[in-house]
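For the sequence shown, the UniProt record's numbering gives the first residue as 1, with consecutive numbering after it.
Take a look at the structure set out below.
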Amino acid sequence: PVSPQLAESEFSPVFRLLTIFAYGTYADYLAEAANLPPLTEAQKNKLRHLSVVTLAAKIKVMVLFFPKFSFRRDCLMLVTIIFLQCIPYSVLLEQLQLKNVRQLEDLVIEAVYADVLRGSLDQRNQRLEVDYSIGRDIRREELSTITRTLQEWCQGCEVVLSGIEEQVSRANQHKEQQLALKQQIESEVANLKKTIKVTTAAAAAATSQDPEQHLTELREPAPGTNQRQASKKTSKAKGLRGSAKIWSKSN
C-alpha cells in the first residue's frame, strides 16, 4: 500500500494520478490534467477501460426471483429475470472523450479481449450491454454505501425465501387434497363393488342359482326367446299373404 504521506510530498501529482487509476475515471483525469503527469495513449486507453467499469458499476442490476410450482413436474422452480447493465453510447462518448462510435466500439472490444469486462455492443439501440466487469478499489467513504447495499440484498433474499416457503406450503396442501380425493374415489369404487356383489348374491339366492350364472342370464336372453320372436314374424307374414289373396279374389 502507498503511504498517504505522499500526498503532501513533492510526489503528490504522481500520488493523485495513482488514486485516479485506483478508483477514478478518465473525466477526473481531464479535470486535473494541468496538475498531473501526462499519459501515453496506452495509459489513456487503460484509464478509459477502467472508466467503463466504473460506469457499469453505477448502473444497478435488477435480479428478480419468482418462485413457481410446476404441477406437471411436481417440483418448485425458481424463475429468474435479470436486467442487464446498459450504458448508452452517448454517455460513453462524453465520459471517455472519444470522437466517434467507431473509436468507442474499438475501445470496448479491446477491453473485452483484456478481460476487463464481458458484454455485447447493441448497435441498433446504440448502447453497451455489460454482463460482467472486474472490481475496482473503493474509497473509505463508500463503505457505508456497500454496507447498505448488502443489507438490501439480505432483505431481498429473505423475501425470496419467504415466497419459496409459501409456494412449498401451497404445493403440500395441493398434494394432500389430491391424495384425499384419490382415497375417496377408491373408497367409493370399493363400496360400489361390494353393493353390486351383495345385490347379485341376493338375486341369485332368490332364484336358487349360482351368482355368476345369474349374472350371465341377465346379460343373455333366454334360449326360446329368439325362436318365439321368429315364429311370430313368420305367422304375421303368412297372415299378410292370406289377406292379400282374399282381396284379389274379391276383385
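Here a beta-carbon is modelled for each residue, glycine too, at the ideal position from N, C-alpha and C.
For clarity, every value in this text was computed on a predicted model and none was experimentally measured.
Just the Cα atoms here: how many angstroms apart are residue i and residue j?
i: T149; j: G135; result: 16 Å
i: K197; j: A190; result: 11 Å
i: L6; j: G156; result: 43 Å
i: F21; j: E165; result: 46 Å
i: V108; j: H49; result: 8 Å
i: T195; j: E186; result: 14 Å
i: Q95; j: R170; result: 51 Å
i: V159; j: L18; result: 42 Å
i: A205; j: Q178; result: 41 Å
i: K46; j: L98; result: 14 Å
i: P13; j: A34; result: 10 Å
Which partner residues does residue i have in the DSSP bridge list?
i: V130; result: Q85, G119
Three-state secondary structure (DSSP) at residue i?
i: G163; result: helix
i: R148; result: helix
i: P38; result: coil
i: S9; result: coil
i: Q98; result: The sequence given here places Leu at residue 98; Gln does not occur at that position. Note: L98 maps to coil in three-state DSSP.
i: D137; result: coil
i: G24; result: coil
i: T207; result: coil
i: S250; result: Here S250 scores only 46 on pLDDT, less than 50, and its place in the model is too uncertain to base an answer on.
Mind reading off the beta-carbon distance from residue i to residue j? Whole number of angstroms is fine, and I expect it under 8 Å.
i: V101; j: Y89; result: 6 Å
i: V168; j: L117; result: So it is not a contact: roughly 38 Å between Cβ atoms.
i: S133; j: A56; result: 5 Å
i: Y29; j: R139; result: So it is not a contact: roughly 16 Å between Cβ atoms.
i: E110; j: S120; result: Rounded, the Cβ-Cβ distance is 15 Å, inconsistent with contact.
i: R16; j: E32; result: 7 Å
Tell me, please, whether the CB atom of residue i is closer than 8 Å to any CB atom in chain E?
i: A201; result: Absent from the structure: chain E. Only one protein chain is present.
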